[in-house]
Structure formats: structure tokens, C-alpha cells
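S.K.: Mind looking over this structure? Questions follow.
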Amino acid sequence: MKKILVTGGAGFIGANFVHHLMAHTDASVVVLDKLTYAGNEASLADVPADRMEFVHGAIEDAELVDRLVAGVDAVVHFAAESHNDNSLSNPRPFLDTNIVGTYTILEAVRKHGVRLHHISTDEVYGDLELDDPAKFSETTPYNPSSPYSATKAGSDLLVRAWVRSFGVQATISNCSNNYGPYQHVEKFIPRQITNVIRGVRPKLYGTGENVRDWIHTDDHSSAVLRILERGEIGQTYLIGANGERNNKDVIEDILVLMGQPRDAYDHVSDRPGHDLRYAIDATRLRTELGWEPAYTDFEAGLKATIDWYVANEAWWAPQKDETEAKYAKVGR
29 MKKILVTGGA
39 GFIGANFVHH
49 LMAHTDASVV
59 VLDKLTYAGN
69 EASLADVPAD
79 RMEFVHGAIE
89 DAELVDRLVA
99 GVDAVVHFAA
109 ESHNDNSLSN
119 PRPFLDTNIV
129 GTYTILEAVR
139 KHGVRLHHIS
149 TDEVYGDLEL
159 DDPAKFSETT
169 PYNPSSPYSA
179 TKAGSDLLVR
189 AWVRSFGVQA
199 TISNCSNNYG
209 PYQHVEKFIP
219 RQITNVIRGV
229 RPKLYGTGEN
239 VRDWIHTDDH
249 SSAVLRILER
259 GEIGQTYLIG
269 ANGERNNKDV
279 IEDILVLMGQ
289 PRDAYDHVSD
299 RPGHDLRYAI
309 DATRLRTELG
319 WEPAYTDFEA
329 GLKATIDWYV
339 ANEAWWAPQK
349 DETEAKYAKV
359 GR
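If you want it as C-alpha cells, here you go:
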């Protein structure tokens, strides 16, 4: 695959994947990104210009998408509206991007016979009880609980239908919660880190018992590349690194790693429909494709992430005040 179209490549996970391609392949990349508030072209500033073309545009733009897909060997589709809080306050953009946008991508790869890998989330499965020993697997029924996760579930089902009905050469991956560089400060881990940097007490939804299965974004990128290169067409792969932590432990780990008292945070009202627990069984990915995560020590990955935000305040500072003003309006 000499040329790859990465949709949403200026977003958090997409930008990290572009960096991963630069480091581990000889491929050139076309990045298509709408540059909404969560997209940041500065995240790609150090990508070699002779290996990347940046296109400012929307995945709902059928003419643009068709033209770009016609010139590449594969599409990796990251572009999505992805924040639960935003989907609760205004669901419509999630329908436009996650459903209509994915349909547009599917029609283009169908027309041109181009390989597609579709990026999704473990949130399509709903949540698990805190004391449930089970984990999500490829056969877990979909049970989304927010407009965000519902539209991602819908996009997954579109991909499956286009594979079966039209023979589209596609794979899907559902990944657990990512952390690492270039993540918007509205998200849980970077919000807490940047609060501490600015001398503001971090904020924890509810009691903080909600569990997420954390994975460093570098490990997500390596898994996606492995699936793109070796994955079975029509197959779904779950990506996870056995990183289950509840939100209370994560915020306390951040405080300790940043030299603060473990209890130096405030509780705020919980989010409506806040899922209890996510947990990923990545057995298929590990056994069939031989993938293993590099970041098996969550605290080490978290420390590296903290160091990145400390060193890159110029990247996140423009986002911070607007984000906190938005949260202040809803008491979170």
C-alpha cells in the first residue's frame, strides 16, 4: 500500500496513526480533515511534506471523497464526532459525520475497489456491570447508550452491510479508550493533566467508579496497521491492552505523578447515561494477527503523556479556556 487516505487525520487518534505510518512504513499519506474544534493541523506539523498531502474538507462531500479515494490504495477511516457530552447537547453533527460520512466513504471505496479499514469504539456495546467478569468480544451484541455510540454502531453496521451486499474490501476495529499525545483537552486524561499544569484542581464525575480499558494511542496505531496489512476481509477485531482502571484511580495517578496530593480533586455532577465499565477481549487480534501492545505499564504510559502535555503547552493552550468555559456552564 503505497498511498493511504486517512480521514480525520488531524484529530487525536488519526494524527498519531499518521505519525506511526511515517515511522514504520514507506507509504505516503493523504489526510482529509474538516478541522472542527477537535482537529488540529499543528498535530501534523513535523510530518515530512514530501510524504503527506493535507486536504481540508468533509467526508460528507461525495465529490471530494470520490476524487481522493480514486488516487489511493487504501482508506483508514478515523473521522468521527466522538465526544459523548457533545452528542447529548447536539446530536445532529454525529448523524451527519458518523452515518452520512461513513456512507460516503463506503460508496467511494465500492466504486474504486479500494481497501477500507473502519475505526470504531467499544462504546457500541454499551457497558458492563462493575463486578461482571465478562469483557466485550466480537460477538457481543450492540447496545449503545448515547447519540455518539449509537451513530458509531450505525456506521459499523453500514460497513458490514456493504461488505456483504457489495463485496467491499473492508475490516472494522473497535478500540477501548485511548490516551497519549495530541488529545483535545475536553477529554478526561488531558483535561486533568492541563488543569494541574495551570494550578486548577481536577474534576471527577460522580464517585469515579466508572471503569475504562485504557490503551496508549501508539498501541492502537500499531494494531490498526497490523489489521490493514493482515486482517481478514469482513472481519471485526477488538483492540485493547488489558488496561482497566476506574476514573478515580486514574485521576489520583495523574496527581501523584505530577507531585500533587492524591486527593487534590473535586467531585462534580455525573454525566447523564454515564456507562459503568468497558473491557476489551483482544484475543482474536493477538492470536490471529500476532499483535501485542508495547505499553503494558499504564503508569509509564501516563507519565509519558504527562511529559508531552507539559512540554507542549503551545499546542493545547488555545483550546483550554474555551473548553473550561463550556464545562463551567453545566457545572462540570
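To get our numbering, take the position in the sequence shown, counting from 1, and add 28.
Built from N, CA and C at the ideal position, the CB exists for glycine as well.
What you are looking at is a predicted structure, and each value in this text was computed from that prediction instead of being measured.
1) Tell me where the beta strand (DSSP E) around E272 begins and ends.
2) Can you look up A269 in the DSSP assignment and give me helix, strand or coil?
3) A251 lies in the alpha helix (DSSP H); which residues open and close that run?
4) According to DSSP, is E81 helix, strand or coil?
5) Would T149 and N68 be called neighbours here (beta carbons separated by less than 8 Å)?
6) Could you name the residues of the same chain whose beta carbon sits closer than 8 Å to that of V46, not counting the 5 residues immediately before and after it, in chain order?
7) Near T222, what residues of its chain come up, given a Cβ to Cβ distance below 7 Å and the 5 sequence neighbours on each side ignored?
8) How far does the alpha helix (DSSP H) with I261 in it reach, from first residue to last?
9) Sorted by chain position, which residues of the same chain lie with C-beta nearer than 6 Å to V239's C-beta, five sequence neighbours on each side aside?
10) On the DSSP letters alone, give me the boundaries of the alpha helix (DSSP H) that H52 sits inside.
11) To which residues of the same chain is S165 closer than 7 Å at the C-beta, ignoring the five residues directly before and after it?
12) Indicate the three-state DSSP secondary structure (helix, strand or coil) for H212 in the structure shown.
13) Tell me, please, which residues DSSP counts as bridged to Y233.
14) Around the C-beta of E109, are 16 or more other C-beta atoms found within 10 angstroms, so that it is buried, or is it exposed?
15) Just mark G318 as buried or exposed, buried being the case when its beta carbon has 16 or more other beta carbons within 10 Å.
16) Can you have a look at I32 and say buried or exposed, based on whether 16 or more other CB atoms are within 10 angstroms of its CB?
17) For the beta strand (DSSP E) containing K31, name the first residue and the last one.
18) Would you call the stretch 288–303 and the stretch 224–232 in contact, with 3 or more CB pairs under 8 Å?
19) Can you tell me which of A307, A251, M29 and T324 puts its alpha carbon nearest to the alpha carbon of D101?
20) Quick one: grab the DSSP three-state call for V137.
21) State yes or no: is the C-beta of I127 within less than 8 Å of the C-beta of L144?
22) Find out if the Cβ-Cβ distance for the pair H146, H84 is shorter than 8 Å.
23) Can you list, in chain order, the residues of its chain whose CB lies under 6 Å from that of F82, leaving out five sequence neighbours each side?
24) Give me the DSSP bridge partner(s) of F122.
25) Which same chain residues end up closer than 6 Å to A86 when comparing Cβ atoms and leaving out the 5 residues on each side of it in sequence?
26) Using 10 angstroms around the beta-carbon of E350, count the other beta-carbons present and answer buried if the total reaches 16, otherwise exposed.
27) Report the residue from L49, N44, I225 and Y176 whose alpha carbon sits nearest the alpha carbon of L116.
28) Can you check DSSP and say which residues form a bridge with D61?
M.R.: Based on what the coordinates show:
1) Here the beta strand (DSSP E) through E272 covers E272 to N274.
2) coil
3) T245 to R258 is the span of the alpha helix (DSSP H), which, as asked, contains A251.
4) strand
5) no
6) V34, G37, V57, V59, L72, V75 and M80
7) V213, Y337, W344 and K348
8) I261 -> no alpha helix (DSSP H), and no H or E assigned at all.
9) E272, N274 and R305
10) F40 to H52
11) Taken in chain order, the residues that qualify are L266 and D309.
12) Of the three classes helix, strand and coil, the one that applies to H212 here is coil, per DSSP.
13) V296
14) So E109 ends up on the buried side.
15) exposed
16) Taking all protein chains shown into account, I32 has 16 or more neighbouring C-beta atoms within 10 Å of its C-beta and is therefore buried.
17) Run containing K31: K31 to T35, per the beta strand (DSSP E) assignment.
18) yes
19) M29 is the residue among A307, A251, M29 and T324 whose C-alpha sits nearest the C-alpha of D101.
20) helix
21) In this structure, L144 does not lie closer than 8 Å to I127 by Cβ.
22) no
23) V59
24) Paired residue(s): none; F122 is not in a bridge.
25) K62
26) Flag for E350 reads exposed.
27) Y176
28) H84
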